[in-house]
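Respectively, the protein sequence lines represent chains R and H. The numbering of the first sequence is my numbering, which starts it at 43 and goes up by one. The numbering of the second sequence is my numbering, which starts it at 26 and goes up by one. Virtual Cβ for every residue (Gly too), placed ideally from N, Cα, C. Below is one structure; the comments refer to it alone.
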Amino acid sequence: MSGRPSAWRLLTQNGVVAFGLALLGVMVLIVLLAPVLPLLDPNVTDVAHRLKPPLYPGHWLGTDQVGRDILSRLIWGTRLSLVVGLTAALVAAAIGSAIGLSSAFYGGLADTLLMRGIDMLMAFPYLLLALAIVAALGPGLFNAMMAIIVVNIPFFARGVRGGTLSVVNADFMAAARLSGLSDWQIIATELFPNVLPGIVIGVSTTVGWMILETAGLSFLGLGAQPPQADLGGMLGEGRNLIQVAPHVATIPGIVILLLAVGINLVGDGLRDVLDPKLKSGGLARTHARTAAASSEARRAGLQPAGDAARQPLAVRGLHTQFTVGRNVYKAVGGVSFTVKPGEAVGLVGESGSGKTVTALSIAGLVATPPGKITRGEILHHGEDLVDVPMQRLQAVRGGTIAYVFQDPLTTLNPLIPVGEQVAETIRRHQNLPRAEAWRKAVALLESVRLPDAANRARSYPHEFSGGQRQRIGIAMALANNPEVIVADEPTTALDVTTQAQVLALLNDLRRERNAALVFISHDVGVIAELCDTVHVMYGGKVVESGPVAAVLQTPAHPYTQRLLACVPVLGNPERKIEPIPGLPPATNALPEGCAFAPRCHLAEARCSAAEIELAPVSADHFARCVRVAA
Amino acid sequence: MSGMVLTTRDVVREFGGGRKWFGTPRPHVRAVDGVSLDVARGRTLGIVGESGCGKSTMARMMVGLLLPTSGTIEIDGASVADLARTDRRTLHRKVQMVFQDPLGSLNPRKTVQQILEAPLKALHGMGRAARRDRVAELMSLVSLRAEFAERYPHEFSGGQSQRIGIARALAANPEVIVLDEPVSALDVSVQAQVLMLLADLQARLGLTYVFISHDLAVVETISDEVAVMYFGKVVERGPRARIFADPQHEYTKLLLASIPGARRAGPPG
Ligand SMILES: Nc1ncnc2c1ncn2[C@@H]1O[C@H](COP(=O)(O)OP(=O)(O)O)[C@@H](O)[C@H]1O
Ligand code: SF4
Ligand SMILES: [Mg+2]
């Protein structure tokens, strides 16, 4: 438990949650101390002093219709409400979780039967069901609690079953089985600990409701019976006196409100802490474009653009970093490359080397926060995309510069037929009537060789295979005749035979339309197949670049050399593959000088002394290594 | 020390099917459709094929996580399905599995020590002290520092997690390890590390591998025998050299032709 902030710290850091926690803490403390506090007996009537207002001597909050001390009744009543609500929540959670867990774990008929039962319970309106149960059992706090428990079980069972199903199918459950653990051991040590956070979240977010529900039944006279009082009962008794003595109803009302607010604030906070998906500000709003340092700061030290200013794309000295807490991840640390019309430029490197962040930086698509472009510029025919007006950037995105991503499912809207989505992309950039945009969309889908395009255009994304979806993604990118297509691992998720087809397609399209291609991949084979120029990335920097043939056949940088030695080559199984020891560097702790030094068999002192520049190996072939620099 | 350690005969596995609550029969999918394979002791059988062709279903049946709809799988002459029903411990002392997703196959709430101890205790009934020693030994077998055993899975990289997954499989001291796409989620440099580790372990411990992958070059590097799967069927099988040099089935030819040129030795064609 070192280094990681504790759940408690995370919880109390959030101001709103801390407020809820304090509120709840005070209330719980008071009701816990109820037996020792100098309180009057909550049930002793004193008709002579009935309906006294608050601050009446001896009765701080006044008295009710039979002269009982409201403060004392309030504290004891809150205590009762809390106990009942909490008990109900825990019991409902325990029973519901047991049902959900076993239902999901055993599956099959047991699952079907249990879930049918739950469906049946949930088919009744919720409070009506509670009322029916109390009516059947007779009024009383215990029966009211039972009713609340019964109506809440289905919610827990459903939720826990869902959470369990996702764990049940995890590989580690299979691994536990292979480790020889029994069903019970698997449930207790593998399944339950991973489902528990979900259950806790469920309890913390429903306990408030359950207190309100019990209060509701008491309010209707079906819960706590006089003279015993819970908050709902007090509210119910005060209701008739709202004209004469409003405080009798208002005071328990306020306490119910405070209790509900406190519990829900804490519940939400707890959920944020326990639910990893919501952690790290996953819900924080992101900006429409990547934040950037001022243009002076970004351009400091850049050479004049020269010829690069005339090209469709020139990335110059790009630095993009992420600030997460106290860590600064230097994802891209000075990447430069130029893309000429119709040229296919490859970026190759292992995961985390900064390929994707480079690609996303081009059109300002890196999420902010936490991302920021700190140095460098992105020239599109000499125009710096980092600080063009937003409207202009939007025209460029999907217009002259288009993207294709690894999984087109993430960019396609599941609810809209694909043809319409392509047509929509066309209309966003070109002023075309609907029917014509549709015709163009179908033509595009045909041009990416989607079979039976005219009809399939009406199908939804999930009705296509992975390879077909990638063709649709490419059609979408082509919609507005882009000058540059940025394709980030577009074939990585595809089977080899499909990959070969998609690569051939991209190549044909590039030739036909003279569109430039920035092609990103971790697979040197794919890059070699498609690209003219390649830039090898490592630790956020380009370590070697040049014509594909030169870089891949006569690599100059030790990393490129060793990377190629790792790749199994078909038809040459006897060739020894030689792993590179160690791991790629973390971008928040990049070593000084050459980032590859810790893994390089040729490393020497000067490698880690200072920044190393790209040096020419030949006229158009460069490498960033002390052994290359003259 | 010779002969076949794992054999499958006409194995079929269907999913879905049966009837709904009332009436209409549901369509079923035949994920594996009559697969017969033999794996020789101490050797590696590579299975290649594209996504959805039934490789993983086959893998899960070989280790008894799934039961075949029909057909038999035998390990050392005993039926895997019978053992899976009656004596899982014996089964899992013989055959283990390594999964594709390195992190997903490790319980995020257990330390590496706990993960590796589970099979030692449950399958081999080892005592506390013996377990400790064996965990240290396993860690060194897969080239991880012993003190890493106290850490939780999320503190490891993909390659390190996969080493832990391999160590967990080794903890059972099995004869056969079924590896389902064990290097597909790894970076090239790390993939090479894991491939070397697997080859080294096989040489040292005499393990038998069933190595499943969609990457032909990887399968070629590591396998002695190769089976090509397509839509639930084995369309071609044979010694590695023969399959790659002289493919007979059209699908095998297509697969080989789809590999980008730079990853092929010699003139493409
Ligand atoms: N949203 C983010 N927050 C923090 N760090 C990030 C974020 N996105 C990417 N990074 C970091 O940037 C670095 C480069 O990532 P990326 O460009 O995705 O690499 P590649 O595409 O080459 O695999 C990595 O170290 C990664 O952890
Ligand atoms: S600079 Fe030094 S450490 Fe870096 S690749 Fe060159 S020789 Fe290796
Ligand atoms: Mg990437």
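Closest to residue i by CA distance: which of the options is it?
{"i": "residue 218/H", "options": "620/R, 56/R, 387/R", "result": "620/R"}
{"i": "residue 107/R", "options": "86/R, 97/R, 124/R", "result": "86/R"}
{"i": "residue 71/R", "options": "111/R, 97/R, 120/R, 92/R", "result": "120/R"}
{"i": "residue 189/R", "options": "264/R, 209/R, 657/R", "result": "264/R"}
{"i": "residue 226/H", "options": "200/H, 241/H, 244/H, 242/H", "result": "200/H"}
{"i": "residue 31/H", "options": "282/H, 82/H, 56/H, 61/H", "result": "61/H"}
{"i": "residue 275/H", "options": "236/R, 277/R, 539/R, 406/R", "result": "539/R"}
{"i": "residue 423/R", "options": "355/R, 494/R, 412/R, 245/R", "result": "355/R"}
{"i": "residue 77/H", "options": "279/H, 96/H, 118/H, 258/H", "result": "258/H"}
{"i": "residue 250/H", "options": "67/H, 157/H, 97/H", "result": "67/H"}
{"i": "residue 594/R", "options": "622/R, 616/R, 565/R", "result": "565/R"}
{"i": "residue 64/H", "options": "282/H, 261/H, 281/H, 252/H", "result": "252/H"}
{"i": "residue 120/H", "options": "96/H, 176/H, 157/H, 90/H", "result": "90/H"}
{"i": "residue 345/R", "options": "601/R, 310/R, 419/R, 375/R", "result": "419/R"}
{"i": "residue 334/R", "options": "461/R, 397/R, 405/R, 378/R", "result": "405/R"}
{"i": "residue 56/H", "options": "269/H, 270/H, 277/H, 254/H", "result": "254/H"}
{"i": "residue 332/R", "options": "302/R, 342/R, 363/R", "result": "363/R"}
{"i": "residue 428/R", "options": "653/R, 359/R, 480/R, 303/R", "result": "359/R"}
{"i": "residue 279/H", "options": "113/H, 221/H, 241/H, 127/H", "result": "241/H"}
{"i": "residue 72/H", "options": "264/H, 40/H, 38/H, 37/H", "result": "264/H"}
{"i": "residue 203/R", "options": "244/R, 174/R, 528/R, 416/R", "result": "244/R"}
Who are the neighbours of residue i on chain H, taking C-beta pairs under 7 Å?
{"i": "residue 219/R", "result": "90"}
{"i": "residue 213/R", "result": "124, 126, 129, 130"}
{"i": "residue 542/R", "result": "283"}
{"i": "residue 578/R", "result": "Here the premise fails: no neighbours, minimum Cβ distance about 12 Å."}
{"i": "residue 605/R", "result": "213, 214"}
{"i": "residue 160/R", "result": "Here the premise fails: no neighbours, minimum Cβ distance about 16 Å."}
Going by beta-carbon coordinates alone, are residue i and residue j separated by less than 9 Å?
{"i": "residue 199/R", "j": "residue 138/R", "result": "yes"}
{"i": "residue 163/H", "j": "residue 141/H", "result": "yes"}
{"i": "residue 239/H", "j": "residue 153/R", "result": "no"}
{"i": "residue 215/R", "j": "residue 233/R", "result": "yes"}
{"i": "residue 124/H", "j": "residue 58/H", "result": "no"}
{"i": "residue 490/R", "j": "residue 551/R", "result": "yes"}
{"i": "residue 308/R", "j": "residue 133/R", "result": "no"}
{"i": "residue 206/R", "j": "residue 145/R", "result": "yes"}
In chain R, which residues lie less than 8 Å from residue i when you measure between Cβ atoms?
{"i": "residue 212/H", "result": "392, 393, 564, 626"}
{"i": "residue 121/H", "result": "220"}
{"i": "residue 201/H", "result": "By Cβ distance, chain R contributes nothing, its closest Cβ being about 12 Å from residue 201/H, past 8 Å."}
{"i": "residue 114/H", "result": "222"}
{"i": "residue 279/H", "result": "539"}
{"i": "residue 182/H", "result": "625"}
Strictly below 8 Å CB to CB, what residues from chain H border residue i?
{"i": "residue 537/R", "result": "75, 76, 239"}
{"i": "residue 619/R", "result": "217, 220, 221, 246"}
{"i": "residue 444/R", "result": "Simply none; closest approach about 24 Å."}
{"i": "residue 642/R", "result": "By Cβ distance, chain H contributes nothing, its closest Cβ being about 12 Å from residue 642/R, past 8 Å."}
{"i": "residue 216/R", "result": "85, 90, 122, 124, 130"}
Residue i versus chain R: which residues are under 7 Å apart at the beta carbon?
{"i": "residue 147/H", "result": "221, 222, 223"}
{"i": "residue 285/H", "result": "567, 568, 570, 571"}
{"i": "residue 273/H", "result": "Residues of chain R passing the Cβ test: none, with the nearest at roughly 17 Å."}
{"i": "residue 243/H", "result": "610"}
Chain R partners of residue i, CB-CB under 9 Å?
{"i": "residue 68/H", "result": "Result: empty, since nearest Cβ-Cβ is about 14 Å, beyond 9 Å."}
{"i": "residue 193/H", "result": "217, 220, 221"}
{"i": "residue 117/H", "result": "219, 220, 221, 222"}
- request: Check each residue of the region 220–243 of chain R: if its Cβ is closer than 7 Å to any Cβ of chain C, include it; give the result in chain order.
  value: Note that chain C does not occur in the displayed structure, where the protein chains are R and H.
message: List, from N- to C-terminal side, the alpha helix (DSSP H) runs of 4 residues or more that fit wholly inside the region 309–384 of chain R.
response: Within the region 309–384 of chain R, the alpha helix (DSSP H) runs of at least 4 residues that lie entirely inside it are, in chain order, 337–341.
field: Secondary structure, beta strand (DSSP E): runs of 3+ residues fully inside the region 550–620 of chain R
entry: The region 550–620 of chain R contains these whole beta strand (DSSP E) runs: 558–563, 575–580, 583–589.
field: Whole alpha helix (DSSP H) elements within the region 173–240 of chain H, 4-residue minimum
entry: For secondary structure counted as the alpha helix (DSSP H) over 4 or more consecutive residues, the region 173–240 of chain H holds these complete runs in sequence order: 183–196, 213–230.
- prompt: Which runs of the alpha helix (DSSP H) spanning at least 4 residues fall entirely within the region 504–541 of chain R, listed in chain order?
  reply: Within the region 504–541 of chain R, complete alpha helix (DSSP H) segments of at least 4 residues are found at 508–520, given in chain order.
field: Length-filtered (4 minimum) alpha helix (DSSP H) runs lying within the region 412–447 of chain R
entry: As far as the region 412–447 of chain R is concerned, its whole alpha helix (DSSP H) runs of at least 4 residues are 432–438.
field: Segments of 4+ residues assigned as alpha helix (DSSP H) that fall wholly inside the region 249–288 of chain H
entry: If we require 4 residues or more, the alpha helix (DSSP H) runs fully inside the region 249–288 of chain H come out as 265–270, 275–282.
query: Taking only runs of the beta strand (DSSP E) that begin and end inside the region 113–146 of chain H, which ones reach a length of at least 3 residues, in chain order?
result: Whole beta strand (DSSP E) segments, 3+ residues: 120–123.
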